[in-house]
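Order-wise, the sequence lines are chains V and H.
For the first sequence, the numbering used here assigns the number 2 to the initial residue and increments by one for each residue that follows.
For the second sequence, the numbering used here assigns the number 2 to the initial residue and increments by one for each residue that follows.
Backbone N, C-alpha and C fix where the C-beta goes; we use that ideal spot for every residue, glycine too.
Please read all numbers here as calculations on a predicted model, not as lab measurements.
Number of protein chains: 2
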Amino acid sequence: MTTVGEALSALCTPALVVDVDKVKRNAQMMIERCQKLGVQLRPHMKTHKTLECADIMTGGSRRCIVVSTLAEACFYADHGFDDILYAYSLPFDKVERCAALSERLDLFQVLLDHPQALEQLKKRPLRDGRRWHTEGVELTGIYAHCGNTYNCRGVEQIQAVAQETTSFTLQFMEKLKAAGITCKSSIGSTPSCSHPVKDMAQLSEVHPGNYTFYDVQQSVIGSCSLEDVAVRVLTRVIGHCPHRNQLLIDCGWTGLSLDGAGKLPTGYAMIEGHPNLKLLSMTQEHGRVEPISGPLDYSKYPLGSLLTLIPYHSCATAMMHPVYHVHSGGRLLGKWTPTRGW
Amino acid sequence: MTTVGEALSALCTPALVVDVDKVKRNAQMMIERCQKLGVQLRPHMKTHKTLECADIMTGGSRRCIVVSTLAEACFYADHGFDDILYAYSLPFDKVERCAALSERLDLFQVLLDHPQALEQLKKRPLRDGRRWHTEGVELTGIYAHCGNTYNCRGVEQIQAVAQETTSFTLQFMEKLKAAGITCKSSIGSTPSCSHPVKDMAQLSEVHPGNYTFYDVQQSVIGSCSLEDVAVRVLTRVIGHCPHRNQLLIDCGWTGLSLDGAGKLPTGYAMIEGHPNLKLLSMTQEHGRVEPISGPLDYSKYPLGSLLTLIPYHSCATAMMHPVYHVHSGGRLLGKWTPTRGW
């Protein structure tokens, strides 16, 4: 068991560690970016799914968030959060659970993308004088995720997609307005919100999520620099395999996920401070590391020594961990426990 | 919330469902196979990590198991299991935790594969008159995993690898014997233990794990038939995308894992009863399904309808679920809760 104030090296590995100072800085920068732009920030919780990070992202207001599962919605509702947007086209098997959340919260928003979904809602009227904002079709807002920003490389490309998505959304709002419908609008994605374009000020909200943690993928896209990435997986060398010119580490796919296959010259992750090392493959609890070129100098990697992985996709890596170890300047502060399931 | 006796369709999706009758049959067949062969079965817990399945695999004895993490070891020890083999080359950061388990259990076995690991153990003598079986190097046994069976296709190839691994292990035992050392021997892998060769009777133990669940990968290898696979992920159609000739389902990589990429013509899984459908790609909470050929007949897949995924790798899929829903003949019996972490 580790205690507060200990060094990261006190942790048993593999361990997901979160640099809380970077998280706070990333969150604060997004808050300021949105304030400057004049658009409401509605942060997405799906990357971390913890109370502590949600508090940092909402500046402690516990209001105006997005979630990807009803498990998250209930978890946050249970802890005093409100104005929760469930960013998922209404699943027909979860109408009752959505109705229950609508009845207990001041504001719970669901997405509809099909007339049949509207019928499903109408079949379950809300109690206590509440109502779905759907009668006669009263639209609350339009929600779009510019997932195509993930193919971008560099700020210029990101901003081109951000501009395109914003323009499409605003044009659609104009058409709705011409039909007598006014409503809110929200677009998302960490790349576009890390480098917003001016026209995004005309939207009601933005809903990025990954930006408090960031990851190698976001640095490759250009959303952030590698120094901004707030999460790492600590792992230890547990084997020398000179006949294969490889090291074994104690991080398999249970500690990192299989996301990022074939995306990086360094394999499934980057190994901090060792640009010539590649995480070649993983089994359930083992990782195989080899040099990108040349023979491995085993004296640099004694058995038991620590290596630090920067994850390709922090959403996928965080999902594998039942607990995150939080530190400031390499000293442990405590643990964050995410919610899981659906 | 679902109740006992309800149909599987009462579950919110995605959901991992376990056919307990198949689990029991697979477990019983392995028990009988080992009895017939005359070799001790030491089942591996890493696929499911639950008490209930461990009871089925050990025939209720709660003795003689293998685990892949110390979290599993502690979980099983806390629930009265003993004679636990931690099938992991002794990690230097976990010597104290291994020592504590050795002191509280009748028998806790660790693996050594390096002289430095032996030094680590010797630095932490056990209390209460217990001792590591290492002084003067007294070997308890040899442990091998014939992971190369996973490249096999069909019983003949599996048995060739099983024979080779057994022969190598027995030859090594002979060399040890010539040096005055007698000890136990154990080999593993679900393929080799599903189709054992006669010489495996000369080993002390076998340690397969995946066989109670099995999966598509094991059926491709030839360890089992598809009918033997005891786990499924239930998912629902949540979107029609005729412009892409695709369906959206509510199972992303959080519900299935990314294991199996590029391995099957049907994508990341098989969709039961729909051999022409392919699970093309997944995001965190969405899956994209398209036909292998031809246009999609959307009338066969109404919004809200259930699809059943047979996982490529049940170890990886089970890891993504905080709870497994157990059924007999399609009627829910209850839930199994796995342990997680390290």
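- For residue 216 (chain H) against residue 314 (chain H), the beta-carbon gap comes to about 6 Å, under 8 Å, which counts as contact.
- Here residue 251 (chain V) is buried: its Cβ has 16 or more other Cβ atoms, across all protein chains shown, within 10 Å.
- With a 10 Å radius around the Cβ and a threshold of 16 neighbouring Cβ atoms, residue 293 (chain V) comes out exposed.
- Under DSSP, residue 114 (chain V) takes part in no beta bridge, so it has no partner.
- Within its own chain, the residues whose Cβ lies closer than 8 Å to the Cβ of residue 140 (chain V), once the five positions on either side in sequence are excluded, are 134, 177, 182, 184, listed in chain order.
- One Cα belongs to residue 330 (chain H), the other to residue 64 (chain H), and the distance between them is close to 29 Å.
- Two segments are said to touch when three or more pairs of C-beta atoms, one from each, lie closer than 8 Å; by this definition the stretch 320-328 of chain V does not touch the stretch 31-40 of chain V.
- Residue 186 (chain H) is positioned such that its CB atom lies no closer than 7 Å to that of residue 208 (chain H).
- The continuous alpha helix (DSSP H) containing residue 26 (chain H) extends over residues 21-38.
- Inter-residue distance for residue 81 (chain V) and residue 189 (chain V) is about 24 Å (C-alpha atoms, whole angstroms).
- When Cβ-Cβ separations below 7 Å define contact, residue 305 (chain H) makes contact with chain V.
- With contacts defined as CB atoms closer than 7 Å, residue 321 (chain H) and residue 224 (chain H) fail to qualify as a contacting pair.
- Fully contained in the stretch 187-218 of chain H are the following beta strand (DSSP E) runs of length 3 or more, in chain order: 206-208.
- The three-state reading of DSSP puts residue 244 (chain H) in helix, counting H, G and I together.
- When Cβ pairs closer than 8 Å are counted between the two stretches, the stretch 101-120 of chain H is seen not to touch the stretch 38-57 of chain H, the count staying below three.
- For residue 44 (chain V), the nearest beta carbon of chain H is not closer than 7 Å to its own beta carbon.
- Straight-line measurement puts the Cα of residue 79 (chain V) at about 43 Å from the Cα of residue 277 (chain H).
- Per the C-alpha coordinates, the member of V:11, V:3, V:15, V:5 positioned closest to residue 232 (chain V) is V:15.
- Counting of Cβ neighbours within 10 angstroms places residue 6 (chain H) among the exposed residues, the total staying below 16.
- The beta-bridge partner set that DSSP reports for residue 143 (chain H) consists of H:186.
- DSSP places residue 53 (chain V) inside the alpha helix (DSSP H), whose first and last residues are 52-58.
- Residues of the same chain with a CB within less than 6 Å of the CB of residue 214 (chain H), apart from the 5 flanking positions on each side, are 48, 231, 232, 315 in chain order.
- Annotation for residue 309 (chain V): the continuous beta strand (DSSP E) segment containing it runs 307-312.
- Residues of chain V with a Cβ closer than 7 Å to the Cβ of residue 69 (chain H) are, in chain order, 285, 286.
- Of the residues V:255, V:175, V:247, the one whose Cα lies closest to the Cα of residue 280 (chain V) is V:247.
- Within the same chain, Cβ atoms closer than 7 Å to the Cβ of residue 32 (chain H) are found at 42, 60, the five residues on either side in sequence being excluded.
- Counting only runs of at least 3 residues, the stretch 56-104 of chain V fully encloses the following beta strand (DSSP E) elements, listed from N- to C-terminal order: 64-68, 83-90.
- Distances from the CA of residue 198 (chain H) to each of H:165, H:173, H:129 were compared; the closest alpha carbon is that of H:165.
- Under the Cβ criterion of 7 Å, residue 90 (chain H) is counted among the residues facing chain V.
- Counting only residues of its own chain and dropping the five nearest sequence neighbours on each side, residue 96 (chain H) has a CB closer than 6 Å to the CB of 121, 125.
- Think of a sphere of 8 Å around the beta carbon of residue 114 (chain V): the chain H residues whose beta carbon falls inside it are 240, in chain order.
- With distances taken between CA atoms, residue 244 (chain V) lies nearest to V:299 out of V:71, V:341, V:299.
- For residue 13 (chain H), the nearest beta carbon of chain V is closer than 7 Å to its own beta carbon.
- According to DSSP, residue pairing for residue 109 (chain V) in a beta bridge involves V:85.
- Beta-bridge partners of residue 291 (chain V) (DSSP): V:279.
- In terms of Cβ geometry, residue 261 (chain H) and residue 269 (chain H) form a close pair [threshold 7 Å].
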